[in-house]
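In terms of my numbering, the sequence shown opens at residue 437 and continues consecutively.
C-beta: ideal position from N, C-alpha, C; glycine also.
The structure appears right after this line, and notes come after that.
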Amino acid sequence: MTHGRRGMIHGRFQPFHLGHLEYLRGAAEHSDEVFVGITNPDPTRVLPEPSDPARHLPEANPWTYAERLLMVKAAAADLGLGADRVHVIPFPVNQPELWPAYVPDGVTQYLRLFSEWGGTKLERLREAGYEVVVLDEGAEKEVSGADVRAALREGGNWESFVPTGVARVIRELERVPV
Numbered sequence: 437m438t439h440g441r442r443g444m445i446h447g448r449f450q451p452f453h454l455g456h457l458e459y460l461r462g463a464a465e466h467s468d469e470v471f472v473g474i475t476n477p478d479p480t481r482v483l484p485e486p487s488d489p490a491r492h493l494p495e496a497n498p499w500t501y502a503e504r505l506l507m508v509k510a511a512a513a514d515l516g517l518g519a520d521r522v523h524v525i526p527f528p529v530n531q532p533e534l535w536p537a538y539v540p541d542g543v544t545q546y547l548r549l550f551s552e553w554g555g556t557k558l559e560r561l562r563e564a565g566y567e568v569v570v571l572d573e574g575a576e577k578e579v580s581g582a583d584v585r586a587a588l589r590e591g592g593n594w595e596s597f598v599p600t601g602v603a604r605v606i607r608e609l610e611r612v613p614v
């Protein structure tokens, strides 16, 4: 059975926002199938990262793996990408030794580089032997999960930062992160 071109993106998606939507769209333009790796899937295994000191903190990770999976699926549907093209998987970014258990062989890794943390991921993925393609090189990060979480906490216009489907999922969860 042949699979065509397979690509992968990854992130915490706390929550999945419009920047992530562009990331998913970019990978989908180059891939027949896209694997979306949700990092920090297990809250008991989240490790500090020197190149992104706040990413492991509980307040930076309010949504569960399952909640983020629903967000990714809703965002993919917003782009018209069906379940046959998008596969959501856990991706323990801190533990490269576990990647072969989750990531199919022959997947091209797509990255958007906005920070030192992006450079860390690039090095890790290349060291693990993956082909890595950088999307939007030189672009500025327009929205962050921290922006969305702050707007949610403060009663701001958080919906303007996320895809329509993700806003629906967050409202259905009826839980605003603190």
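Annotated as proximal: GLN450 and PRO498, with beta-carbon spacing under 8 Å. Sequence-distant Cβ neighbours of TYR501 in its own chain, meaning closer than 7 Å and more than five residues away, are ILE474, PRO477 and PRO526. Between LEU571 and TYR459, the CB-CB gap stays under 8 Å. DSSP, read as helix, strand or coil, puts PRO451 in coil. Shown here, HIS492 sits in coil according to DSSP, grouped into three states, outside any helix or strand. About 5 Å separates the beta carbons of VAL584 and HIS453, which is inside the 8 Å limit, making them a contact pair.
The beta carbon of TYR566 sits closer than 6 Å to the beta carbons of GLN545 from its chain, once the five residues preceding and following it are set aside; these are given in chain order. For GLU458, the three-state secondary structure derived from DSSP is helix. If you check the CB distance, ARG521 and VAL602 do not come in under 8 Å. Taking the C-beta atoms as reference points, LEU517 is found no nearer than 8 Å to ALA463. For ALA512, the closest of HIS456, ALA496, GLU485 and ARG607 by C-alpha to C-alpha distance is HIS456. LEU558 and PRO494 have their C-alpha atoms roughly 25 Å apart.
In the three-state reduction of the DSSP assignment, ARG548 falls in the strand class.
The closest CA to that of PRO489, considering only GLU552, TRP594 and ALA519, is found on GLU552.
If you check the CB distance, VAL482 and HIS492 come in under 8 Å. Distances from the alpha-carbon of GLY542 to those of ARG448, ASP468 and ARG461 put ASP468 closest. Beta-bridge partners assigned by DSSP to LEU517: none are found. Relative to the Cα of PRO532, the nearest Cα in the group GLU578, ASP514, LEU515 and THR556 belongs to THR556.
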